[in-house]
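Residues in the sequence shown are numbered consecutively from 46, following our numbering.
Below is one structure; the comments refer to it alone.
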Amino acid sequence: MGRSSHFLSGIGGRMIAAGMRGATDGRIGRRAALAGLGALAACAPRIAPPGPPDGPPRDAGSALVMADGARLPLEAWLPAGPPRGAILGLHGFNDYRRAFALAAPLCAEAGWAFYAYDQRGFGAAPHPGSWPGHDALAADATAAARLIRARHPGLTLAMLGESMGAAVLLVAAASADPPPADAYVLSAPAVWGGETMGRFGRWLLDLAAHTVPALGIVGGSPFIRASDNAAALSAMARDPLVRKSTRVDAVYGLVALMDAALAAAARFAAPALILYGARDDLVPERAIAALAARLPGLASGRQRALVYPDGYHLLLRDTIRARVVGDVLAWLADPAAPLSAGSLEAPARLPPPAASAIGAGTDP
Numbered sequence: 046m047g048r049s050s051h052f053l054s055g056i057g058g059r060m061i062a063a064g065m066r067g068a069t070d071g072r073i074g075r076r077a078a079l080a081g082l083g084a085l086a087a088c089a090p091r092i093a094p095p096g097p098p099d100g101p102p103r104d105a106g107s108a109l110v111m112a113d114g115a116r117l118p119l120e121a122w123l124p125a126g127p128p129r130g131a132i133l134g135l136h137g138f139n140d141y142r143r144a145f146a147l148a149a150p151l152c153a154e155a156g157w158a159f160y161a162y163d164q165r166g167f168g169a170a171p172h173p174g175s176w177p178g179h180d181a182l183a184a185d186a187t188a189a190a191r192l193i194r195a196r197h198p199g200l201t202l203a204m205l206g207e208s209m210g211a212a213v214l215l216v217a218a219a220s221a222d223p224p225p226a227d228a229y230v231l232s233a234p235a236v237w238g239g240e241t242m243g244r245f246g247r248w249l250l251d252l253a254a255h256t257v258p259a260l261g262i263v264g265g266s267p268f269i270r271a272s273d274n275a276a277a278l279s280a281m282a283r284d285p286l287v288r289k290s291t292r293v294d295a296v297y298g299l300v301a302l303m304d305a306a307l308a309a310a311a312r313f314a315a316p317a318l319i320l321y322g323a324r325d326d327l328v329p330e331r332a333i334a335a336l337a338a339r340l341p342g343l344a345s346g347r348q349r350a351l352v353y354p355d356g357y358h359l360l361l362r363d364t365i366r367a368r369v370v371g372d373v374l375a376w377l378a379d380p381a382a383p384l385s386a387g388s389l390e391a392p393a394r395l396p397p398p399a400a401s402a403i404g405a406g407t408d409p
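Here's what the structure looks like:
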């Protein structure tokens with residue numbers, strides 16, 4: 046994240062794959078890596094899945110309590126008057142609910158109630174630093190959406206995911222038990238999985254996850270800039286709830302999530318707005334192109350993809366965030382509205398599905 050010392054709230058996999066690729070370049074490095082694999086084959090990635098259910102998910106006001114009793118801290122930014130709709134935000138990797146502290150007030154000023162919760166393994170949620178599995182994250186997203194919809198029955202519910210959060214939404218929306226959302230906004234979706242990472246990079250990550258899964262990786266690179274908002278990056282670096290070190294097996298889990306998200310894209314037919322910054326140093330353009338090639342609604346306009354030439358990975362923290370939020374709110378009001386950013390052209394080979402406008406009041 047620029048020159049900040051913490052591990053990015055976006056995609057840790059790219060940094061680790063790049064570093065490991067340099068460390069094991071050539072025949073000697075590969076032979077040594079294979080020897081290490083044989084010596085430490087008993088190691089395995091650690092997962093901290095949900096516990097057994099002890100009741101239905103419930104809204105505890107300042108937290109959303111999942112079926113296993115896990116309390117996911119919740120923050121709300123509410124409009125002065127009756128809301129016109131609700132937006133539920135899912136943060137990125139190693140980030141937490143305050144990822145939306147700059148964008149959410151803009152939504153509230155426009156009449157939208159904005160909510161965000163700490164996902165399992167992040168922020169003040171249970172088991173910080175441990176990967177819960179992408180199925181658990183997706184199930185939590187569905188449960189959270191139902192609880193937020195219950196607060197605002199009959200109003201439009203949009204779900205906004207940033208980076209890892211966007212990947213979780215892709216998986217959840219394409220599952221057999223999708224969230225009761227009317228629309229999705231995917232900002233810098235984390236789809237840089239094994240398919241777009243390359244075979245050797247993925248092999249190296251797999252090796253590390255099964256030999257040194259608990260190894261802590263501390264991020265920070267002068268070659269990676271997550272945002273042009275230096276004050277926001279500095280605040281993240283000082284925030285104790287933004288993780289500064291990441292277990293290798295958590296990155297392994299993140300890459301598995303990104304693979305699942307890319308695979309789910311072909312089944313993701315809901316109204317959606319995809320946001321991407323042309324200066325994103327974390328999610329490469331080829332990964333977004335791979336996602337666009339799978340989305341079934343780009344050709345019809347049911348799904349739209351915007352590219353901001355001056356945008357970085359953390360678009361909702363960038364100095365252009367007001368313009369980005371303005372586009373999101375304009376699209377929610379009218380899916381065909383003209384927006385400020387240029388569109389990513391839909392791949393011609395995709396058959397156009399039936400178009401439909403964003404609805405309101407979907408029930409679980």
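Even glycine gets a Cβ: it sits at the ideal position worked out from N, Cα and C.
Cβ-Cβ separation, Pro224 to Ala190 (assumed contact under 8 Å), whole Å:
Here residue 190 corresponds to residue number 145 of the sequence shown, with the count starting at 1. Here residue 224 corresponds to residue number 179 of the sequence shown, with the count starting at 1. Right, their Cβ atoms sit about 4 Å apart.
Considering only their Cβ atoms, is the gap separating Leu327 from Val216 smaller than 8 Å?
For the purposes of this step, residue 216 is identified with residue 171 of the sequence shown, where counting begins at 1. For the purposes of this step, residue 327 is identified with residue 282 of the sequence shown, where counting begins at 1. Contact: no.
Report task. Could you name the residues of the same chain whose beta carbon sits closer than 7 Å to that of Ala382, not counting the 5 residues immediately before and after it, in chain order? Result -> Here residue 382 refers to the residue found at position 337 of the sequence shown. Within the same chain, Ala382 has close Cβ partners Ala375, Trp376.
Item to check | Contacts around Ala305, its chain only, beta-carbon distance under 6 Å, and the 5 residues preceding and following it disregarded | outcome: Working through the sequence shown from its first residue, we reach residue 305 at position 260. Answer for Ala305: His179, Val216, listed in chain order.
The region 314 to 325 touching the region 107 to 120, judged by at least three CB pairs closer than 8 Å
no
**OP:** Measure from the alpha carbon of Pro329 to the alpha carbon of each residue in Gly156, Asp163, Leu192, Ala233, then state which is nearest.
**Re:** By 1-based counting over the sequence shown, the position of residue 329 is 284. Nearest C-alpha to Pro329: Ala233.
- request: Let me know if Leu123 comes out buried or exposed under the rule of 16 or more other beta-carbons within 10 Å of its beta-carbon.
  value: The count along the sequence shown starts at 1 and reaches residue 123 at position 78. So Leu123 counts as exposed.
Exercise for the section: Have a look at Leu133, Leu361, Ala131, Met111 and flag the residue whose alpha-carbon is nearest the alpha-carbon of Ala181. Expected result: As a working note, residue 181 is residue 136 in the sequence shown. Of the candidates Leu133, Leu361, Ala131, Met111, the one whose C-alpha sits nearest the C-alpha of Ala181 is Met111.
Limits of the unbroken beta strand (DSSP E) element including Leu135:
By 1-based counting over the sequence shown, the position of residue 135 is 90. That run of the beta strand (DSSP E) goes 130 to 135.
Requested in this report: Please name the residue, chosen from Ala170, Leu133, Ala276, that lies closest to Thr201 on a Cα-to-Cα basis.
Outcome: Counting from one through the sequence shown, the residue named residue 201 turns up at place 156. The shortest C-alpha separation from Thr201 is found at Leu133.
Problem - Residues that Met204 bridges to, as DSSP identifies them - result: Walking along the sequence shown from the start, residue 204 turns up at place 159. Partner residues in the beta bridge of Met204, as assigned by DSSP, are Leu133, Tyr229.
Do Pro101 and Asp113 count as a contact pair if the criterion is CB distance below 8 Å?
Locating residue 113 in the sequence shown gives position 68, counting from the first residue. Locating residue 101 in the sequence shown gives position 56, counting from the first residue. For Asp113 and Pro101, no; Cβs fall outside 8 Å.
May I have the straight-line CA-CA distance separating Leu389 from Ala337, to the nearest angstrom? To locate residue 389, count along the sequence shown from 1; it is residue 344. To locate residue 337, count along the sequence shown from 1; it is residue 292. Distance between the alpha carbons of Leu389 and Ala337 is about 8 Å.
| task | Just the C-alpha distance for Leu361 and Arg91, rounded to the nearest angstrom, thanks. | result | The count along the sequence shown starts at 1 and reaches residue 361 at position 316. The count along the sequence shown starts at 1 and reaches residue 91 at position 46. Cα to Cα, Leu361 sits roughly 32 Å from Arg91.
Practice task
Can you say whether Ser208 is buried or exposed, counting buried as having 16 or more other CB atoms within 10 angstroms of its CB?
Solution key: In the sequence shown, the residue the question calls residue 208 occupies position 163. Per the 10 Å Cβ criterion, buried.
*From Asp140 to Gly199, what distance separates their C-alpha atoms?*
Against the sequence shown, residue 140 aligns to sequence position 95. Against the sequence shown, residue 199 aligns to sequence position 154. The straight-line gap from Cα to Cα measures roughly 31 Å.
For Ala317 and Gly356, believed in contact at Cβ under 8 Å, the rounded distance: By 1-based counting over the sequence shown, the position of residue 356 is 311. By 1-based counting over the sequence shown, the position of residue 317 is 272. With a contact defined as Cβ atoms closer than 8 Å, Gly356 and Ala317 miss out at about 18 Å.
Is the beta carbon of Ala271 closer than 8 Å to that of Gly166?
Translated into the one-based positions of the sequence shown, residue 166 becomes position 121. Translated into the one-based positions of the sequence shown, residue 271 becomes position 226. No, they are not a contact pair.
Item checked: Per DSSP, the bridge partner or partners of Gly387 -> As a position in the sequence shown, residue 387 is number 342, starting the count at 1. In the DSSP output, where bridge partners are listed per residue, Gly387 has Val352.
Could you check the C-alpha separation between Pro128 and Cys88 for me, to the nearest Å?
Looking up residue 128 in the sequence shown gives position 83. Looking up residue 88 in the sequence shown gives position 43. Roughly 50 Å separates the two Cα atoms.
**Asked** Which residues in the same chain have their Cβ closer than 7 Å to the Cβ of Thr364, if we skip the five residues on either side of it in sequence?
**Response** Residue numbering aside, residue 364 sits at position 319 when the sequence shown is read from its first letter. Result list for Thr364: Asp273, Asn274, in chain order.
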